[in-house]
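**Student:** Quick one: structure below, then a few questions.
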Amino acid sequence: MKVSSKTGFIVVIAVICIGVIGTLATIVNTHPSGSPAETIDWNLTLIGNQGNEKVLTFDELKELSSYEGYGGFFSTVGMKYGPFECKGVSMEDLCMLVGGIEPSDTLWVSAPDGYLMVFTYDQVQGDIITYDPATLREIPHTDLKMILMYEQDGALIPGDDGRPLRIAIVSSNDGFVTEGHYWVKWVNKIEIRTPDR
Ligand SMILES: Nc1nc2c(c(=O)[nH]1)N[C@H]1C(S)=C(S)[C@@H](COP(=O)(O)O)O[C@H]1N2
Ligand SMILES: [Mo]
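Numbered according to the working numbering, the sequence shown spans residues 33 to 229.
Following this line, the structure appears as structure tokens:
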């Protein structure tokens, strides 16, 4: 029948239109995973060497002056990762927020999975051994900096790699790697400890 085939045609077109609009709406609404626009619910607790505490949200951390550099690491089994473009806040700046770090202090960086790294004052200042990415032989370095990274290669750090905050050892050049155990993932607590306390 002529009328019903025309009606059928209109129904088919309508269904296609709804499908196309729906698909476009889904694409517009979905941020690519790791997009910096994503909201991150995360608190970082800083504890100064007097026991003073300061809690920063992920958003507050991103408001602080940032530091960018290249850094890569190798894991216990010798696998090499990076170098990445790392953006974050310098550890010295973070320490300053709770009164600074003294040469005799140590820095205790930990994560909810129970992982903990203790850094010396010198390590916080960037005195960390660097290795040739190809041979893993020790090489000299100049401008190393320890940062708390919140962006890796221009996006949020991937979940398994420490989202949203990870320690990174960076420099203005990308020709080196450092030991992976320094690169604490999922950092939520940084404590400055004085030996006398
Ligand atoms: N929170 C947390 N960070 C961590 C670890 C961990 O177990 N927990 N392992 C460390 C070690 S020993 C290495 S070699 C690297 C491994 O990094 P990857 O898991 O991104 O490969 O992360 C470091 N950071
Ligand atoms: Mo490791």
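Each residue gets a CB set at the ideal place from its N, CA and C atoms; glycine is no exception.
Small disclaimer: the values here were computed from a predicted structure and weren't measured.
#1: Output the distance between the C-alpha atoms of E95 and G194, rounded to the nearest integer angstrom.
#2: Please list, in chain order, all residues with a C-beta atom less than 7 Å from at least one heavy atom of ligand 2.
#3: Taking the straight line between their C-alpha atoms, what separation do you get for N75 and L93?
#4: Using 8 Å as the Cβ pair cut-off and three pairs as the minimum, do the stretch 110 to 130 and the stretch 151 to 169 touch?
#5: Under DSSP, the beta strand (DSSP E) around V141 begins and ends at which residues?
#6: Given that a residue counts as buried once 16 or more other Cβ atoms are within 10 Å of its Cβ, and exposed if not, what is E170?
#7: Can you tell me the Cα-Cα spacing of G186 and K119, whole angstroms?
#8: Can you tell me the Cα-Cα spacing of E134 and Y153, whole angstroms?
**Tutor:** Walking through what the data contain:
#1: 20 Å
#2: S107, T108, G212, H213
#3: 9 Å
#4: yes
#5: 138 to 142
#6: exposed
#7: 8 Å
#8: 7 Å
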